[in-house]
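Just below is one structure, and these are the notes that go with it.
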Amino acid sequence: MEKVPTIYQFKVEGLTGGVIDFSQFRGKKILIVNTASKCGYTPQYAQLEALYEKYKDVLVIVGFPANNFGAQEPGSNKEISEFCTKNYGVTFPMASKVSVKGDDMAPIYRWLTRKSENGVMDADIKWNFTKFLINEKGELEAVFESKVAPLSDEIVSLL
Numbered sequence: 001m002e003k004v005p006t007i008y009q010f011k012v013e014g015l016t017g018g019v020i021d022f023s024q025f026r027g028k029k030i031l032i033v034n035t036a037s038k039c040g041y042t043p044q045y046a047q048l049e050a051l052y053e054k055y056k057d058v059l060v061i062v063g064f065p066a067n068n069f070g071a072q073e074p075g076s077n078k079e080i081s082e083f084c085t086k087n088y089g090v091t092f093p094m095a096s097k098v099s100v101k102g103d104d105m106a107p108i109y110r111w112l113t114r115k116s117e118n119g120v121m122d123a124d125i126k127w128n129f130t131k132f133l134i135n136e137k138g139e140l141e142a143v144f145e146s147k148v149a150p151l152s153d154e155i156v157s158l159l
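Laid out in structure tokens, this is it:
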């Protein structure tokens, strides 16, 4: 049987510098979310932080600011970081701003959205705050559309 490619191959730039190495999250679930500061779903940052605080022994959340939808994340990495901290007290890891669709799509998002790369499923990112759940083995487990709240039973039941 061919081995499913895992998320652990990825290292991404952190929002405030440094590197987020996904291999350091082995054994935990990972929730990856494309975020935006000026979106109707932006208040989900509060639930994402609550989810992270409650389940951080078994779950890590990684936010990926992206300006792909409605230009709702126009800020610089520094502005995004200040916004998340000041307004929502975000402590979960945040990556530097990326593109989550199109020709300049970040490699990690190619892996998340293409069965040919993740070995599990194709997924479409329709808007900000689409959530990808990765299992403890680093494999894609589920995808949730923007409207699915971070503290919903749909997500919490899988943790």
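The sequence shown begins at 1 in this note's numbering and counts up by one. Yeah, the Cβ is synthetic: ideal placement off N, Cα and C, and Gly gets one too.
>> Using DSSP's beta-bridge definition, name the partner residues of residue 126.
In response: As a position in the sequence shown, residue 126 is number 126, starting the count at 1. Here residue 126 is not bridged, per DSSP, to any residue.
> Between which two residues does the alpha helix (DSSP H) containing residue 144 stretch?
Replying inline: Start at 1 with the first residue of the sequence shown, and residue 144 comes out as number 144. Here residue 144 belongs to no alpha helix (DSSP H); instead the beta strand (DSSP E) covers 140-144.
> If you draw a straight line from the alpha carbon of residue 80 to that of residue 21, how long is it in whole angstroms?
Replying inline: Counted from its first residue, the sequence shown places residue 80 at position 80. Counted from its first residue, the sequence shown places residue 21 at position 21. As the crow flies, the alpha-carbon of residue 80 is around 21 Å from that of residue 21.
>> Does residue 35 come out as helix, strand or coil in the three-state DSSP assignment?
In response: Within the sequence shown, numbered from 1, the residue matching residue 35 stands at position 35. The three-state reading of DSSP puts residue 35 in strand, counting E and B together.
> If you draw a straight line from the C-alpha of residue 139 to the C-alpha of residue 6, how long is it?
Replying inline: Against the sequence shown, residue 139 aligns to sequence position 139. Against the sequence shown, residue 6 aligns to sequence position 6. Residue 139 and residue 6 have their C-alpha atoms some 5 Å from each other.
>> Give me the residue from 67, 137, 155, 136 with the minimum Cα distance to residue 143.
In response: For this step, residue 143 is matched to residue 143 along the sequence shown. Closest by C-alpha distance to residue 143, out of 67, 137, 155, 136, is 155.
> How close, in whole Å, do the beta carbons of residue 88 and residue 45 come, if the pair is a contact with beta carbons under 8 Å?
Replying inline: Position 88 of the sequence shown, counted from the start, is the residue given in the question as residue 88. Position 45 of the sequence shown, counted from the start, is the residue given in the question as residue 45. With 8 Å as the limit, residue 88 and residue 45 qualify as a contact, their Cβ atoms being about 4 Å apart.
> Cα separation between residue 78 and residue 106?
Replying inline: Translated into positions along the sequence shown, residue 78 becomes position 78. Translated into positions along the sequence shown, residue 106 becomes position 106. Looking at the backbone, the Cα of residue 78 and that of residue 106 are separated by about 20 Å.
> Would residue 11 pass as a contact of residue 4 if the rule is Cβ separation under 8 Å?
Replying inline: Your numbering for residue 11 matches position 11 in the sequence shown. Your numbering for residue 4 matches position 4 in the sequence shown. Cβ distance not < 8 Å, so residue 11 and residue 4 don't count as in contact.
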